[in-house]
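To start, the structure under review is shown below, and the notes come after it.
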Amino acid sequence: MAEAVIRVAGLGKSYATAAGLFPALRGVDLTIKTGEYIAIMGPSGSGKSTFMNLLGCLDTPTVGDYFLTGENVAHMEKDALAKLRNRTLGFVFQGFNLLPRMSLQDNVALPLVYAGADKETRRAAARVMLDKVGLGQYAESLPSRISGGQQQRVAIARALVNKPRLILADEPTGNLDSHTSEEIMRLFGELNAEGITIVLVTHEPDIAAHAKRQVRFLDGELVSDQVTDSLPFNGMGIGAVETHPPPGLPLEGGGVPPC
Amino acid sequence: MLKAMFGEAWLAMGANRLRSALTMLGMVIGVAAVVIMLAIGQGAQYAVQQSISTMGSNLFILLSGSFTTAGVRSGSSGAPTLNVSDAEAISELEGIANVAPTHQGTRQLVYGAQNWSAMVVGTTPPYLDARAWTIASGAAFADSDVRSATRVALIGKTVAENLFGDDDPLGKTMRIQQNPFTVVGVLGAKGQSFDGRDQDDTVIIPLSTAQRKVFGTPFLGSVRMIMVQAESGEAMPQTEKSVVALLRQRHRLREGMPNDFFLRNLSAVAESEAETTRTMSILLGAIASISLIVGGIGIMNIMLVSVTERTREIGIRMAIGARQKDILTQFLLEAVVLSFAGCLLGLLIGLGVALGINFFTGMVIVISGSAGLIAFAVAAAVGIFFGWYPARKAAQLDPIEALRYQ
């Protein structure tokens, strides 16, 4: 647990708008260690998406440093960032983002194509990952033939296929019903138990509660950071969530709406 | 990696079959047009070259001059200004391959109950070489026949067919102007000349015999025409100059006096004909190339639409590790696959149409491997050229924007 997968220091990002420079993110410091399960919360416009894009190497910061597995990636070239996205990170999106024309197996194998793996390696690795998320029997199907929850499982399999150091999940349950959401969150829990670092962005407190640590953004700044290190709702369904207020909330003084 | 991308390009084409087919249609038409035009153009050039080679190459003729009597001008060959010794002198010059004094005219031929009118050429043996005549059967007459004015004749294929029918003309006797001539050889077939005359409708006899027995001549030894063949095309202008200078000297023409003979360059006519067909085929090729470019623009158009449509897909690919280069390659490959498939189809259709033209109209068609190769290279170039801009546009998308695109 000692090694830091992610360490950001004084990270800031400004966008040029018609009204001048708009600071979306201001001086964020955060360290995420190997094996952590962390939820990033905050209302829309709080800067959490900007932060996520920076963590995901999709964007570069205006100021500050970002150390990913000890390497400062804040000012890397585009191709080097693409390689990091391919080898070190795994993405899970709200909209699943599977390629509609490809079989599930080919979808899962896609990161390996960009990693330069040969066909047999790709096929074998994709099979292993599909089996891991319990969808091995649909390997040759197209994404449109399976449910949303299943698609998200495939997306998770794709994120895992290149054996990344951490998974970045951006509102992974945003398009799913509560029951399917629980299934996906259970899968994340299992992956974390295997030692995979997970960073989860959500604005739903009950989803955030699955993580062992919650950080909260407001107006581009990190305003709270709380470690709970427990899984109080594991497998208990949505009813249980309402009886346990999310751990991060009381610190905010009730001024922030949950979304 | 490239193989996987190739498969994806194929998949992307298959996903939108009608659109891919319509996009390809531009290339199909362009390539087919190029192939057909090249086949026709090269066919025409081939036909012209064939007729040039039957006429004989690097030829010019000297015609004796004209005279004027009581205001009536005789036209060329009216005055007996050229003679056999002029021909002999010319053959001594440098750069001359063959010289043949010639006297020709149309005469009635009689064999048994048949008769036929044909061009009768009185000349010397070098004429056969100069005009590229071959002997199909029998043998040509020799210089000794010219010296002793023997009555022998070489006949063309048309004459043989019309006068002798199924008989073998060799050794038979036919009459020209009441004079009996023995057929010693049949000439190889040549076909039509440039002016549409049947070159095989010809009888060749020794010059001396022709002048004494057939045409008659006011002054013995004078000839109406001398055919001269230069050794090479490049030497032609120099050869012409030296021949003119020699004749002016021999005819004692002073500075400022006009030539008393005419010089006509036969090859020039043929070459201008060849030049015309070459220009025509270049023109046809150029027009066809325009349709190829239009086809390429069609590909670019569809690729741009495709990039916009698949913005999200590009974002996803970038998020999971595709470099700009990978995206560029993918879209470029799609464009090239489209243009190659179109090219292949166009090649087949073009070949089919060219063969059809040949079959139904009998037009000479030349299908060269290089034309196909050029078409392929052009298709690849068009694919890359017109695919480049859309592919670069795709590769330069911002991953965040692309992921957010609906």
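So the sequences go chain by chain: G and Y.
Read in our numbering, the first sequence has 108 at position 109, and its numbers run on one by one without any break.
Position in the second sequence (from 1) plus 619 gives the number in our numbering.
Think of the CB as a built atom: it goes at the ideal place given N, C-alpha and C, for glycine as much as any other residue.
Just so you know, these numbers come straight off a predicted model, no measurement behind them.
Using a C-beta cutoff of 8 Å, does residue i count as contacting chain Y?
| i | result |
| --- | --- |
| residue 81 of chain G | yes |
| residue 192 of chain G | no |
| residue 77 of chain G | yes |
| residue 60 of chain G | no |
| residue 234 of chain G | Confidence is the limiting factor: at residue 234 of chain G the pLDDT is only 41, short of 50, which leaves the residue's position unreliable and the question unanswerable from this model. |
| residue 237 of chain G | At residue 237 of chain G the pLDDT is 39, less than 50, meaning the model places this residue with poor confidence; the figure from the coordinates comes in the next sentence. Closer than 8 Å: no. |
| residue 144 of chain G | no |
| residue 96 of chain G | yes |
| residue 14 of chain G | no |
| residue 241 of chain G | Caution applies to residue 241 of chain G, whose pLDDT of 38 falls short of 50 and renders its modelled position unreliable; the value that the coordinates give is listed next. For residue 241 of chain G, the answer is no, since every Cβ of chain Y falls outside 8 Å of its Cβ. |
What's the C-alpha gap between residue i and residue j?
| i | j | result |
| --- | --- | --- |
| residue 1010 of chain Y | residue 934 of chain Y | 14 Å |
| residue 720 of chain Y | residue 663 of chain Y | 33 Å |
| residue 210 of chain G | residue 930 of chain Y | 33 Å |
| residue 1023 of chain Y | residue 52 of chain G | 12 Å |
| residue 958 of chain Y | residue 188 of chain G | 50 Å |
| residue 921 of chain Y | residue 642 of chain Y | 7 Å |
| residue 88 of chain G | residue 1013 of chain Y | 23 Å |
| residue 46 of chain G | residue 29 of chain G | 14 Å |
| residue 76 of chain G | residue 14 of chain G | 20 Å |
| residue 184 of chain G | residue 174 of chain G | 13 Å |
| residue 951 of chain Y | residue 1015 of chain Y | 14 Å |
| residue 198 of chain G | residue 1020 of chain Y | 21 Å |
| residue 658 of chain Y | residue 856 of chain Y | 34 Å |
| residue 131 of chain G | residue 635 of chain Y | 34 Å |
| residue 874 of chain Y | residue 860 of chain Y | 15 Å |
| residue 849 of chain Y | residue 993 of chain Y | 37 Å |
If you reduce the DSSP assignment to three classes, tell me which class residue i lands in.
| i | result |
| --- | --- |
| residue 630 of chain Y | helix |
| residue 202 of chain G | coil |
| residue 209 of chain G | coil |
| residue 145 of chain G | coil |
| residue 1017 of chain Y | coil |
| residue 734 of chain Y | strand |
| residue 153 of chain G | helix |
| residue 70 of chain G | strand |
| residue 749 of chain Y | helix |
| residue 825 of chain Y | strand |
| residue 929 of chain Y | coil |
| residue 982 of chain Y | coil |
| residue 91 of chain G | strand |
| residue 876 of chain Y | coil |
| residue 101 of chain G | coil |
| residue 844 of chain Y | strand |
| residue 816 of chain Y | coil |
| residue 28 of chain G | strand |
| residue 719 of chain Y | strand |
| residue 774 of chain Y | strand |
| residue 849 of chain Y | strand |
| residue 132 of chain G | coil |
On the DSSP bridge assignment, give the partners of residue i in chain order.
| i | result |
| --- | --- |
| residue 215 of chain G | G:40 and G:223 |
| residue 724 of chain Y | Y:739 |
| residue 19 of chain G | G:16 |
| residue 196 of chain G | G:165 |
| residue 756 of chain Y | Y:805 |
| residue 683 of chain Y | Y:880 |
| residue 64 of chain G | G:8 |
| residue 1009 of chain Y | Answer is none; residue 1009 of chain Y lacks a bridge partner. |
| residue 800 of chain Y | Y:793 |
| residue 830 of chain Y | Paired residue(s): none; residue 830 of chain Y is not in a bridge. |
Verify the CB distance criterion: does residue i have a CB-CB separation below 8 Å to chain G?
| i | result |
| --- | --- |
| residue 1010 of chain Y | no |
| residue 1019 of chain Y | yes |
| residue 922 of chain Y | no |
| residue 630 of chain Y | yes |
| residue 919 of chain Y | no |
| residue 907 of chain Y | no |
| residue 949 of chain Y | no |
| residue 990 of chain Y | no |
| residue 1024 of chain Y | no |
Comparing the CB of residue i with every heavy atom of the ligand PLP, is any distance shorter than 7 Å?
| i | result |
| --- | --- |
| residue 216 of chain G | Annotation note on the ligand PLP: not contained in the displayed structure, which lists no ligands. |
Under 7 Å between beta-carbons, which chain A residues line up against residue i? List them in chain order, please.
| i | result |
| --- | --- |
| residue 935 of chain Y | In the structure shown, chain A cannot be found, because the protein chains are G and Y. |
Take every Cβ of the segment 773-788 of chain Y, pair it with every Cβ of the segment 804-818 of chain Y, and state whether three or more of those distances are shorter than 8 Å. yes
Is the segment 737-756 of chain Y touching the segment 671-680 of chain Y in the sense that three or more CB pairs, one from each, lie closer than 8 Å? yes
Does the segment 107-117 of chain G come within contact of the segment 168-185 of chain G, defined as at least 3 CB pairs closer than 8 Å? no
Report yes or no: do three or more beta-carbon pairs, one from the segment 825-837 of chain Y and one from the segment 761-775 of chain Y, lie closer than 8 Å? yes
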